[in-house]
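Numbering (the numbering used here), first residue to last: 5 to 107.
Following: one structure in C-alpha cells, then a few remarks.
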C-alpha cells in the first residue's frame with residue numbers, strides 16, 4: 005500500500021426500527037463509491053451479534069480522495085438521511101497498517 009493510504013472503519017448504529025432502511029442506504033453507496041478514482045476498498049459488514057450495527061471498511065488513496073468522496077452527490081444523499089437512521093453519530097476509526105517483523 006502507498007504511504008498515504010488512508011484506511012478507516014466507519015461504525016454506524018441504526019435507530020430502533022431503522023435497521024433495514026440503514027442497510028439499504030449503505031448498500032446504495034457501494035457501487036458508486038467503488039467507481040471513484042481514489043477508492044481502494046469499500047465493503048459493508050453487519051455485525052452478527054449486534055445486527056443494528058454496521059461497519060464500512062474503507063481504504064482511500066489519501067485524505068484528498070476521502071474528501072472528494074464526502075463531497076459527491078451519492079454520499080451527500082446519505083448524509084441527508086443520517087439523522088433519521090442513526091442512533092448515535094457516525095464513528096470513524098482510522099487505522100494504521102502494521103507490517104510483519106523482519107526476521
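Glycine is no exception: its CB is placed at the ideal position from the N, C-alpha and C atoms.
| Check | Outcome |
| --- | --- |
| Could one say the Cβ of residue 33 lies closer than 9 Å to chain D's Cβ atoms, at least one of them? | No chain D is present in this structure, which holds just one protein chain. |
| Would a C-beta distance cut-off of 9 Å place residue 60 and residue 89 closer than the cut-off? | no |
| Looking at C-alpha atoms only, which residue of 96, 14, 26 is the closest neighbour of residue 81? | 26 |
| Provide the residue(s) that pair with residue 48 in DSSP beta bridges, ordered along the chain. | 60 |
| Skipping 5 residues on each side, what residues in its chain have a beta carbon closer than 8 Å to that of residue 42? | 64, 65, 66, 68, 69, 70, 72, 73 |
| Going by alpha carbons, who is nearest to residue 99 out of 76, 62, 51, 33? | 62 |
| Less than 9 Å between the beta carbons of residue 47 and residue 34, yes or no? | yes |
| Start and end of the beta strand (DSSP E) containing residue 17? | 10–17 |
| Among 97, 77, 51, 103, which one has its Cα closest to the Cα of residue 18? | 51 |
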